[in-house]
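Beneath this line is the structure, given in structure tokens, with notes to follow.
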Amino acid sequence: RIVEEHDHLMTPLQVSCLLNEYVYKNFKYVAGITSVETTLEEVWKLKAGVCQDFAHILLVMLRMLGMPARYVSGYICPNKNGMRGEGATHAWVEVYIPYYGWLGLDPTNNCIANDMHVRLAVGRNFSDCSPVKGSYKGTSKHVLHVGVSVSYEDGNRHEDNSATLTPQPKNDGNEDSNSYRRYVEMMQQQQQ
Numbered sequence: 311r312i313v314e315e316h317d318h319l320m321t322p323l324q325v326s327c328l329l330n331e332y333v334y335k336n337f338k339y340v341a342g343i344t345s346v347e348t349t350l351e352e353v354w355k356l357k358a359g360v361c362q363d364f365a366h367i368l369l370v371m372l373r374m375l376g377m378p379a380r381y382v383s384g385y386i387c388p389n390k391n392g393m394r395g396e397g398a399t400h401a402w403v404e405v406y407i408p409y410y411g412w413l414g415l416d417p418t419n420n421c422i423a424n425d426m427h428v429r430l431a432v433g434r435n436f437s438d439c440s441p442v443k444g445s446y447k448g449t450s451k452h453v454l455h456v457g458v459s460v461s462y463e464d465g466n467r468h469e470d471n472s473a474t475l476t477p478q479p480k481n482d483g484n485e486d487s488n489s490y491r492r493y494v495e496m497m498q499q500q501q502q
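In terms of the numbering used here, the numbers along the sequence shown are unbroken and rise by one, the last being 502.
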């Protein structure tokens with residue numbers, strides 16, 4: 311229904327960005343309101359959750375439209391933008407856009423994934439790429455504290471870089487089709 315309310319001639323990129331923005335605008339980020347056991351139906355009713363919930367909602371919306379999409383688990387590097395999830399585990403979505411390849415969308419921050427998004431695992435959903443798995447025996451009062459520190463080897467601080475999408479020629483199979491790597495290389499060239 312969200313897409314039907316807009317121009318029916320939208321490109322897959324426009325549809326993906328519209329749905330990403332919809333999740334961002336219509337779901338409130340509330341740390342601790344959900345757990346890995348919370349269902350999508352519960353998140354939909356709450357209209358609140360955390361990054362993994364927002365990623366799952368966006369995944370379902372994209373897949374309902376027949377768009378290939380996958381769940382991404384990783385981190386957001388600390389930066390000056392004050393993004394939700396920075397310096398901690400984070401989740402977002404990658405959607406396959408014809409002539410672009412896999413494009414990362416972060417519904418928690420309403421942005422295209424960029425060089426601040428450190429991808430660790432990709433899967434169908436959270437259970438395929440949970441950053442922490444296993445069993446724990448102990449009291450419920452114990453808490454797992456996890457930290458990550460990411461910095462540049464040369465000590466330089468991050469400067470804000472806006473992402474620019476450029477259509478790519480159709481891949482004939484003779485070249486490497488890692489669109490994320492090409493995107494990072496493009497961003498590095500723009501920084502020079």
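Yeah, the Cβ is synthetic: ideal placement off N, Cα and C, and Gly gets one too.
Taking Cβ to Cβ, would you say valine 370 is nearer than 8 Å to glycine 414? At the C-beta level, valine 370 and glycine 414 stay beyond 8 Å of one another.
How big is the Cα-Cα spacing for threonine 530 and tryptophan 354? Outside the displayed range of the chain (311 to 502) lies residue 530, so it cannot be described from this structure.
Hey, would you say glycine 395 sits closer than 8 Å to cysteine 361, going by beta carbons? For the pair glycine 395 and cysteine 361, the CB atoms are nearer than the 8 Å cut-off.
Can you check which of these residues, Thr344, Leu356, Arg429, Tyr334, is closest to threonine 399 by C-alpha distance? Looking from the CA of threonine 399, the closest CA among Thr344, Leu356, Arg429, Tyr334 belongs to Arg429.
Quick check on alanine 431: buried or exposed, where buried means 16 or more other Cβ atoms within 10 Å of its Cβ? Classification for alanine 431: exposed.
Helix, strand or coil: which one does DSSP assign to serine 440? It is coil, neither helix nor strand.
Going by DSSP in three states, isoleucine 343 sits in which element: helix, strand or coil? If DSSP states are grouped into helix, strand and coil, isoleucine 343 belongs with coil.
Tell me whether proline 417 is buried or exposed, calling it buried when 16 or more other Cβ atoms sit within 10 Å of its Cβ. With 16 or more Cβ atoms within 10 Å of its Cβ, proline 417 is classed as buried.
Taking the alpha carbon of arginine 434 as the point to measure from, which residue in Tyr339, Ala401, Ala423, Pro408 has its own alpha carbon closest? Ranking Tyr339, Ala401, Ala423, Pro408 by CA distance to the CA of arginine 434 puts Ala401 first.
If I'm right that isoleucine 386 touches valine 333 with Cβ under 8 Å, what's the distance once you round it to whole angstroms? Contact check for isoleucine 386 and valine 333: beta-carbon distance about 17 Å, past the 8 Å limit, so the pair fails to qualify.
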